[in-house]
Structures are given as structure tokens and as C-alpha cells.
Amino acid sequence: MSTNMKRRIFLKGSMAASALGVAVGAGLLAPRAVLASWSKEAFTAKELPAAMNALFGSDQAEESGEIKIKAPDIAENGAVVPITVSTDMAGVESIAIVASNNPVPLIANFVMGEGGQGFVSTHIKMGKSGDVVALVKAGGKIYSAKKGVKVTIGGCGG
Amino acid sequence: MANNSIKIRAQLKDNEITVKALMTHPMESGTRKDSKTGELVPAHYIQEVKCEVAGKNVMTAYWNGGVSKNPYLSFKFAGANKGDMFKLTWVDNKGESDSEEATIS
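What follows is the structure in C-alpha cells.
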């Protein structure tokens, strides 16, 4: 375990007021849910609920109007679809980007460190038209928002 | 040897640092077929992008082959100053890695 990870545990454990901190302190959460690392289970899952379970330990998310997804209504090139997710929610821990109709729906999870703000932007591949879903973890809860993107030329194999 | 596979810009404005980065990487998902041979092109993609300022982690991105070729990444964080050194390191599924630093301007 790296020094950095130990520090993260210490920091989280020391947040006595937060439910997560208490849960970690009491040993209620499996380390997997706290210590971030690349999850093969999540990033190769063919169904979103399986990916969410691997990532968050739950496949439930609350829809939120506080998450904004900026994406084209029509993507002419599915190989490069610009996606920006932003939110003013407090305590954003992570932001995940999902293309619902891709063979592997989960594409990216951005885990915030010290001073992290609710803003990420990247380019993704979309095999066909469908919803782009943003999953924001804030204050230990998972929130979601979606936006439909029509793809005219797919970007997963072509 | 000059290494320019990562380009970074980190700018401070209104107490927030906006990072924009471009990486050079094929980002093969492993599901694409070679148009000539008809065989699957093996997966080769960045799995982890670590972003640090002065040794403290500000953001880590976890990816698979669903991120576009030559990935673009932008995000924001607070708590650093002009002149601080920002460092980005990526590691891919073959264990290859690269990193680059940029001064926050």
C-alpha cells in the first residue's frame, strides 16, 4: 500500500462528521469501496448495473437536475464524441461517464482528490445512438443524469 | 530525448485551476477488427491517469478503451497557486507509462 493511499484512509477516517468516515472507522466498508483503483470488473462489464455494483457497491442512483451534461445532439463521428459533465454539488467525490448502448457501457471514472471540483471533460467513442449517462458520487450518494446523443457513424469498430 | 506524447495546460483563474491535457495513445478497445486481416486488434488503452500537484493527488481518472484515441482530458481543482508544478502520469493495460509536468500559469 502506498503512502498516498494510507494518507487517504487516514483523511477519510478522520472526517468524524461524515458518515463515510464513521463507516470506515468502524470497519463497515470493504476496503475495495474506499481505496480507488482500476476495477476490471467495472471497466469490462457488459451491463451498467454490474459496472455500478463493482464501482459503487450499488446499482442505484438518484436522478438529479444539478448535473449538466454537455454533448452534441447529433455526433457525426462516433469515434470522437466530446462530453463535459459539470455540477455545483458540494463534496463531489467522483464523476463517471457511461455510453448506455456501448458494448462496455462504463467508459471513465474521474476520482477527485484534494480540491477537486465538479467538472470533467473528455472525448468518448459511441458505437451507436443512445444515452450518455453521468454518475456523480457526492457526499457518499450516487446521482445520475442523462442526455441522448444520435450517432450517424459508429466509433466502435466501424 | 524530447518527449512530447503529453501536452498540458494548467491555468489559474478565480481560485480554480483548469487543466487541459492531450495524450498520444492508440486507445484500442480490443473489440475493433483490423480492416485488412479481419482479426481483432488487441486491447491497448490507458487505464489510469494520475494528476498531482506538489506530490498531492488532485484527480485520478480510470479509463477503458471507450475513451477516444489520443485522449483529451480536462478538469478543475482548487488549492494550488501560480508557479506550482502540475504532474500528469498515465499507465496503460500493457504496463507502459508516461508522465509530463507543467507549471500552473
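For the protein sequence lines, the chains are V and W, in the order given.
Going by the working numbering, the letters in the first sequence line up with residues 497 to 654, in that order.
Going by the working numbering, the letters in the second sequence line up with residues 15 to 119, in that order.
Where a beta carbon is used, it is the ideal one built from N, C-alpha and C, also for glycine.
Exposure of T117 (chain W) is indicated by the presence of fewer than 16 other C-beta atoms within 10 angstroms of its C-beta. The beta carbons of G80 (chain W) and N598 (chain V) sit about 6 angstroms from each other, so the pair counts as a contact at 8 angstroms. Beta bridge pairing from DSSP links Y86 (chain W) with W:L36. Close CB contacts of D98 (chain W) within its chain, under the 8 angstroms cut and outside five residues either way in sequence, are with V67, A68, T117, I118 (chain order). About 20 angstroms separates the Cβ atoms of F89 (chain W) and F552 (chain V), ruling out a contact at the 8 angstroms cut-off. Taken in chain order, the members of the region 32-64 of chain W whose beta-carbon sits within less than 7 angstroms of a beta-carbon on chain V are S43, T45, R46, K47, Q61, E62. Around the Cβ of P40 (chain W), a 10 Å sphere holds fewer than 16 other Cβ atoms; the residue is exposed. Taken in chain order, the complete beta strand (DSSP E) segments of 3 or more residues contained in the region 20-79 of chain W are 20-27, 30-37, 60-67, 70-77.
Every beta strand (DSSP E) stretch that sits fully inside the region 575-617 of chain V and reaches 3 residues is listed by chain position as 577-583, 588-595, 602-608. Looking only at W:L26, W:K83, W:C65, the smallest Cα-Cα distance to A75 (chain W) is reached by W:C65.
Considering only V:I563, V:V600, V:K542, the residue with the shortest C-alpha distance to I620 (chain V) is V:V600. Put simply, of V:G561, V:K643, V:V588, V:A592 the residue whose alpha carbon is nearest the alpha carbon of G626 (chain V) is V:K643.
Close partners of M608 (chain V) in chain W (Cβ separation under 7 angstroms): M73. For M99 (chain W), the enclosing beta strand (DSSP E) starts and ends at 99-106. A buried status is given to G614 (chain V), since no fewer than 16 other beta-carbon atoms sit within 10 Å of its beta-carbon. Distance from G93 (chain W) to G611 (chain V) at the Cβ level is roughly 3 angstroms; contact confirmed, criterion being Cβ atoms closer than 8 angstroms. Under the three-state reduction of DSSP, K624 (chain V) is assigned to coil, being neither helix nor strand. Out of W:E42, W:S111, W:F91, W:E110, the CA that lies nearest to the CA of A24 (chain W) is found in W:F91. In the structure shown, the three-state DSSP call for K566 (chain V) is strand.
Neighbours of Q613 (chain V) in chain W, taken as residues whose beta carbon is under 7 angstroms from its own, are E30, K90, F91, A92 in chain order. When the beta-carbon positions are compared, A604 (chain V) and W77 (chain W) come within less than 9 angstroms of each other.
For E114 (chain W), the uninterrupted beta strand (DSSP E) run begins and ends at 111-117, by DSSP. The straight-line gap separating the alpha-carbon atoms of S582 (chain V) and S590 (chain V) is approximately 11 angstroms. In the DSSP assignment, A641 (chain V) falls outside any alpha helix (DSSP H) and within the unbroken beta strand (DSSP E) covering 637-647.
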